[in-house]
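Chemist: In UniProt numbering, the protein residues as written are 1 to 288. Sharing a structure with you now.
Quick look at the structure:
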């Protein structure tokens with residue numbers, strides 16, 4: 001008889017690879033394209049050959065591409081299947097590899113300064129390949145990222161249920177419940193429009209959970225997380241209240257809130273709420 005497969009173990013193996021490869025490829029690709037865009041004035045048209053400065057492009061670590069191609073396809077084939085991510089994972093790594101390989105060919109071309117020998121002929125041809133690769137990659141990478149988020153959310157709910165069955169409503173239970181609730185709130189209020197009254201109710205539910213979390217806490221080392229969770233609940237409430245009551249930003253606040261470096265300083269704003277959320281996530285991760 002076949003040994004019984006622990007589905008959660010298989011899912012964990014899959015997600016470890018999927019998230020690791022996303023982290024190894026997604027940001028480096030974005031950095032490479034940003035570097036290229038620094039000197040290519042019209043990204044749609046590409047290099048003209050008349051540029052006074054040619055910075056080239058940052059390469060992507062080749063072992064990341066080849067290892068992720070192998071590992072992602074291996075775990076995607078494992079059963080039980082994990083949808084919606086298994087299907088999109090293969091498309092993601094294929095499109096990421098195609099884009100990464102083009103970027104690396106460009107990196108070699110510009111590092112060797114071969115554009116001085118062929119009047120940018122290959123540089124112009126590679127640019128057209130790059131545009132096609134980006135066109136293929138962008139929608140797949142968005143879909144892949146959404147699938148990672150969906151699976152993570154689903155698995156957190158499963159984990160919460162398992163904790164309750166094994167331990168009851170302990171600190172472990174309430175700390176995870178708080179994180180799930182806060183994540184849901186943050187996702188909704190990050191949108192341009194949302195139902196403020198409905199979100200005020202969600203924030204009130206989060207406040208109740210934090211009170212319950214305090215009641216079951218017996219370890220002083222957990223105080224940072226409890227404090228940051230309470231701060232997030234308050235910052236989210238202030239922002240939602242501002243939206244509900246249609247409180248306008250002053251001209252000074254509008255400028256600050258649009259600047260990633262200063263937005264969090266604007267009272268009762270989404271950036272202030274997001275900063276508090278990120279601090280809470282950091283404190284939660286330190287509990288582990």
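Think of the CB as a built atom: it goes at the ideal place given N, C-alpha and C, for glycine as much as any other residue.
Do you know how far the Cα of residue 37 is from the Cα of residue 363?
Modeler: With the chain covering only 1 through 288, there is no way to say anything about residue 363.
Chemist: Ordered along the chain, which non-local residues of its own chain (more than five positions away) have a Cβ less than 6 Å from that of residue 107?
Modeler: Result list for residue 107: 57 and 59, in chain order.
Chemist: Going straight from the alpha carbon of residue 110 to that of residue 97, what length do you get?
Modeler: If I take the Cα positions, the gap works out to 20 Å.
Chemist: Taking residue 267 as the reference, which of 234, 278, 287 and 283 has the closest Cα?
Modeler: Closest by alpha carbon: 234.
Chemist: CB residue 13 to CB residue 75, shorter than 8 Å?
Modeler: Yes; because the gap between Cβ atoms is below 8 Å, this pair is in contact.
Chemist: Rank 17, 84, 134 and 263 by C-alpha distance to the C-alpha of residue 73 and give the top, closest one.
Modeler: For residue 73, the nearest C-alpha among the options comes from 17.
Chemist: Is there at least one non-hydrogen atom of the ligand MG closer than 7 Å to the beta-carbon of residue 190?
Modeler: Summarising the ligand content, the structure contains no ligands, and the ligand MG is consequently not present.
Chemist: Rounded to the nearest angstrom, how far is the Cβ of residue 114 from that of residue 124, given a contact under 8 Å?
Modeler: In fact, because the Cβ distance is near 12 Å, the residues do not count as touching under 8 Å.
Chemist: Check the C-beta distance from residue 206 over to residue 182 and give it rounded, since I have them as a contact under 8 Å.
Modeler: 6 Å between Cβ atoms; contact.
Chemist: State the CB to CB distance for the pair residue 177 and residue 209, rounded to an integer number of angstroms; the pair is presumed to be in contact (CB under 8 Å).
Modeler: About 6 Å separates the two Cβ atoms, so the contact holds.
Chemist: May I have a chain-ordered list of the beta strand (DSSP E) segments no shorter than 3 residues that lie completely inside the region 163-246?
Modeler: Runs of the beta strand (DSSP E) inside the region 163-246: none found.
Chemist: In this structure, how does DSSP classify residue 250 when only helix, strand and coil are distinguished?
Modeler: Correct three-state label for residue 250: coil.
Chemist: Short of 7 Å in beta carbon distance, which residues of its chain neighbour residue 219, apart from the five on each side in sequence? Order them along the chain.
Modeler: Once the five neighbours on either side are set aside, residue 219 has no close Cβ partner at all.
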